[in-house]
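Inspection log for the structure reproduced underneath, given as structure tokens.
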Amino acid sequence: MIATRLQSLLRDNWFALFIAATALIIALAGPHASHWLRYDRGAILHGQWWRLLTGNFVHLGWSHLWLNLAGWVLVWLLFKAQVPIKTWISATVFCSLGVGLGLLWGSPHISWYVGLSGVLHGYFIIGALVSIRMGYRFELLLLALVFAKLIWEQSVGPLPGSEKYSGGHVVVDAHLYGALSGALLAALPKRWILPKPAAV
1 MIATRLQSLL RDNWFALFIA ATALIIALAG PHASHWLRYD RGAILHGQWW RLLTGNFVHL
61 GWSHLWLNLA GWVLVWLLFK AQVPIKTWIS ATVFCSLGVG LGLLWGSPHI SWYVGLSGVL
121 HGYFIIGALV SIRMGYRFEL LLLALVFAKL IWEQSVGPLP GSEKYSGGHV VVDAHLYGAL
181 SGALLAALPK RWILPKPAAV
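Residue numbering for the sequence shown follows this note's numbering, beginning at 1 and increasing consecutively.
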């Protein structure tokens with residue numbers, strides 16, 4: 001019975017575990033791996049394009065990692081039933097590159113960046129918009145709260161306490177680029193992002 005439940009748990013949540021494991025393995029690999037994987041504007045401009053993607057899975061330290069993984073668990077539990085796995089996979093690539101390219105082109109003053117929070121904002125926007133397109137309405141409130149947070153960050157700065165708990169400077173532009181990437185992906189035709197109707 002326990003083995004069956006564990007197998008079911010792994011089958012239903014393998015993607016969430018994959019994202020968490022990727023970030024955890026990079027953290028365990030130590031500072032050298034983080035240095036070669038983080039978003040680094042100068043290195044990217046010299047041809048190290050993988051950093052546009054991998055920088056989102058590197059973290060400042062353990063507190064930063066656990067904070068982002070807690071956010072990931074929350075997003076996954078909120079939206080895993082509404083968002084098909086193909087959309088989660090597409091969102092990971094699209095939002096990761098959206099954050100990286102957004103920082104590269106839109107925020108040239110930011111020389112380096114690490115963290116999953118930008119992608120998490122994209123995940124959240126996608127989950128909320130997909131849910132709304134499926135007929136749910138509570139997500140309208142969640143969407144409004146996220147928009148209010150983004151407006152606050154762009155006009156005032158990081159939310160109070162966020163830098164303390166993350167262990168370093170919060171790059172709020174990454175949140176904006178991740179959210180915009182998520183909104184663009186969620187705007188695709190329904191057949192590309194919504195679950196297929198169940199067979200009758």
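C-beta: ideal position from N, C-alpha, C; glycine also.
Query                                                                                                                                                                : Result
How far does the alpha helix (DSSP H) with serine 162 in it reach, from first residue to last?                                                                       : 162-166
Within 10 angstroms of the Cβ of valine 114, are there 16 or more other Cβ atoms? Answer buried if so, exposed if not.                                               : buried
Around the C-beta of glutamine 154, are 16 or more other C-beta atoms found within 10 angstroms, so that it is buried, or is it exposed?                             : exposed
Just mark tryptophan 76 as buried or exposed, buried being the case when its beta carbon has 16 or more other beta carbons within 10 Å.                              : buried
Measuring CA to CA, which of Gly167, Leu184, Leu180 is closest to histidine 59?                                                                                      : Gly167
Please give the ranges of any alpha helix (DSSP H) in the segment 50-138, keeping only runs that are unbroken, at least 4 residues long and fully inside the region. : 51-54, 62-79, 85-106, 117-133
Would you report the Cα separation of leucine 129 and valine 73, rounded to the nearest angstrom?                                                                    : 18 Å
What's the gap between the Cα of glycine 161 and the Cα of tryptophan 112?                                                                                           : 22 Å
Using the C-alpha atoms, what's the distance from aspartate 12 back to leucine 150?                                                                                  : 31 Å
Confirm the yes/no value for this check: CB of arginine 133, any heavy atom of the ligand HEM, distance under 7 Å.                                                   : This structure lacks the ligand HEM; in fact it carries no ligand of any kind.
From Thr54, Arg41, Ala23, pick the residue whose C-alpha is nearest to that of serine 63; which is it?                                                               : Ala23
Nearest-angstrom Cα distance between leucine 52 and leucine 141?                                                                                                     : 32 Å
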